[in-house]
Structure formats: C-alpha cells, structure tokens
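In the numbering used here, the protein residues as written are 195 to 595.
Ideal Cβ placement from N, Cα and C applies to all residues, glycine included.
Here is the structure we will look at.
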C-alpha cells in the first residue's frame, strides 16, 4: 500500500551492518536447501549460478536501500526452488530473519477483500454494476451514482486517495495510534476533487477498498475480519493470516523500519534516525486497503488459490482476471495485478514492502518481503519480483546475448 515518492540518504553504519549480516545469513539458510529432493525425485534447488544470480539481485536491492532483512520464496516446477531468510528481523536485538516470521502484508489485503466482494456477487447479493448510490453507502462520495463496484475493484473510480489528504496526514502524525472509523477515511477522499470521471482513467486509490470493506460489513452484518476468517483463511487453513484490530504484533514476527524523516514530520524533524515502526500505527488507518498480517507459508497457498480461482466460479474468476492497463508494465483486474503472466499483488506500507505473484501456466511462485519501506527503489519488493522474472524467464533476445 502507499504511493510514496521518496529520496532516502542511507547511513553508512547501518548499511555496513545490513550487508554483512544479510550475506552471512543468506549463505547459511540457502545452503540448507541445496542438492536435495522432496521425496518424489523432484529437484529442490536451482542451478547454482541461477540461484546466485537471484540472491545477488535481492542483496543489491537490500544494500542499495539499507534494508535490514528479507524473506524470499521462489519456485519454478521442474526447475528448482529457493527459499531463504536474509539479514535481520529485529535490528536492536540482532535477531536474524526467520522463514516462520509473520509480517504486515500491506495491499495484499486487497486480494482478500476483493474475493469476498466477488463471492457476494456470486451469491446474488451484489452486482458488479451496482453503484455506490444504489447501495446507500455512507459517507457519500462525488459521482456516487456513477461509480460501480467494478470501478472500485479495478481502480477506475477516480476517487481521491485518502492518505494523500493533508488533514489526514497531520492527524495521523499527531496521533498514529488513533482508531479510525472507515467512514472517517472515506470522508477525507470525499472532500477532494476526483482524479477523473468514473471509468475514464486508472488511478490506484486505497479509498476504493475502504469502501468495499464498508459494503461487506453493511451487507453481511459482520466484521470484515470475521468475513475474511470464515470465507478465506478458515477454509484454506491459513493459520497465521488475519486482519488485526490492535497495533501490537504477537508471536515471532519481522519488525519493520524506516528513516525518521519518512514519518512525515510536519515540523521538519526526524532525519536519519533508523526507526522501528512495527507497532507505531493503529491498523485501522489502512483497514480493508492494507492492514493484514500473514507469513510466507500462508501466502504460498493463498496466491495460488487466488490466481486459479479456487474460491470462485469459473465465470467470476474470468471477471476477476479481466484487466485494464495500470502501472509499471502491469495490468490490473478486480483486486489483482498481472505482470508477464504472473498474478498477485504488491503490498507496501510504512516499514514493509512485499509482493506475492503466481504464474498459472508454469506454476511458478515468487513471494518477497523486505522489512524497510519507503525506499529509493519504489515498491522495492515488486521491483525485485520483476527482476526475478527477467532472470527466470528471459526473452529470446536476452538468452542470445
């Protein structure tokens, strides 16, 4: 989640520590997974040169951006698998990243919310052509009589991004543990002019998914967290995936970091202090747009189920995968992004940058999380994913060079 445009000057001491520990930890973890099989004669590791290329790519992103730690899972059936934890999960405690650590997944949350909306469509309780006005969604937004559910799902509504509102930013900075009501967040968007008329463009806006969360609760009479549990995480046995109601993370988890200046101090404070923001914000500020927590094991299951439509009819899945042109070479469907045949979603919010992507044709999975955000490399996890795709699936011209 988030659309920060940042320029970060890295602290030399932090970079040195990150580089040494990341390299050492990566060598330890990846060595444990080499030259084995899964009991069925299937190779578990990539060609060493290819795996080293993947690792070098990830470590460069980490060092260039001063990222303390990362987790990665890459699998191409018939070719290999690489799963690794690199660097530090907790800088102060010098705790190494662990593959079992949970983390904040940001806008990956949108894939869960969109799935519930589509299930409600399948159940006949909604239509993709329903407008906000026809659903009596409050608070009212500009052009609510023209904005449809489909437009919310694929970011063609034109609604203003509530996190870009200066009043919201000031209030969030003054009290980051404030409990936000979803309607309060939508009101910030409603107070601003839309980016364009409904259906006349594409602009990523978290407001679209806050509204979907409101619709889900309004229609079902249940809390969004409960609907996620009963409809998705329960049936798929995603035991560590949930929508939190409190800022504190529990159990083994990755910490998230940024530089103090990236907290947006209106008085010009902050600076180069490396700051742990794991428990700094109440999750209600992101809610249906980006507040969920998960881990690698659960996301391996979820990204495949998402892209293959395990929880939807074939017809609704086809609707989900109908895309419009979006950003950074990607297309966007109904709460799902597509890049080079991979389907899934990035997730960026303060302290964490993540991506989960699946290619139905090859069965390839790429999942990444980095525990610092924002970064000079915008959407750092997603940027790493795109580099991995180029390495794993080079074009004919690239192969011949």
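- Taking residue 444 as reference, the option from 291, 296 and 380 with the minimal CA-CA separation is 296.
- Around the CB of residue 516, fewer than 16 other CB atoms lie within 10 Å, so the residue is classed as exposed.
- About 6 angstroms separates the beta carbon of residue 466 from that of residue 453, a gap short enough to meet the 8 angstroms contact definition.
- With a threshold of 16 other beta carbon atoms within 10 Å, residue 371 falls short and is exposed.
- For residue 553, the enclosing beta strand (DSSP E) has its first and last residue at 546–553.
- Of the other Cβ atoms in all chains shown, 16 or more fall within 10 Å of the Cβ of residue 275; this residue is therefore buried.
- One thing to note: residue 258 has its Cβ no nearer than 8 angstroms to the Cβ of residue 584.
- For residue 262, there is no enclosing alpha helix (DSSP H), as DSSP marks it with neither H nor E.
- The stretch 416–430 makes no contact with the stretch 351–361; the number of CB pairs closer than 8 angstroms stays below 3.
- Around the Cβ of residue 254, a 10 Å sphere holds fewer than 16 other Cβ atoms; the residue is exposed.
- For residue 298, the enclosing beta strand (DSSP E) starts and ends at 296–298.
- For residue 307, the enclosing alpha helix (DSSP H) covers residues 303–316.
- Under the three-state reduction of DSSP, residue 394 is assigned to coil, being neither helix nor strand.
- In the same chain as residue 407, and ignoring 5 residues on each side of it, the C-beta atoms closer than 7 angstroms to its own belong to 307, 376, 418, 481 and 482, in chain order.
- CA-to-CA, the gap between residue 538 and residue 390 works out to about 26 angstroms.
- By the Cβ test, the stretch 489–506 is not in contact with the stretch 394–405, since fewer than three Cβ pairs between them sit closer than 8 angstroms.
- Of the candidates 577, 405, 588 and 488, 405 places its Cα closest to the Cα of residue 326.
- By the Cβ rule, the stretch 268–288 counts as touching the stretch 242–252, because three or more pairs are nearer than 8 angstroms.
- Beyond the five residues adjoining it in sequence on each side, residue 438 comes within less than 7 angstroms, by CB distance, of 477, 485 and 487 in the same chain, given in chain order.
- With a threshold of 16 other beta carbon atoms within 10 Å, residue 245 meets it and is buried.
- The alpha-carbon separation between residue 239 and residue 267 amounts to approximately 12 angstroms.
- For residue 487, the secondary structure class from DSSP, reduced to helix, strand or coil, is strand.
- Beta-bridge partners of residue 276 (DSSP): 268.
- Remark: C-beta atoms of residue 315 and residue 556 do not approach each other more closely than 8 angstroms.
- By the neighbour-count criterion, in which 16 or more other beta carbons inside 10 Å mark a residue as buried, residue 383 falls on the buried side.
- When DSSP states are grouped into helix, strand and coil, residue 354 belongs to the coil group.
- The three-state secondary structure of residue 537, taken from DSSP, is strand.
- With a cut-off of 8 angstroms on Cβ pairs, the stretch 548–564 is in contact with the stretch 573–582, counting three or more such pairs.
- With a threshold of 16 other beta carbon atoms within 10 Å, residue 421 meets it and is buried.
- Of 450, 305 and 385, the smallest CA-CA separation from residue 286 is found for 450.
- A distance below 8 angstroms separates the beta carbons of residue 446 and residue 294.
- Taking all protein chains in view, the Cβ of residue 319 is surrounded by fewer than 16 other Cβ atoms within 10 Å, so the residue is classified as exposed.
- Boundaries of the alpha helix (DSSP H) around residue 420: 418–422.
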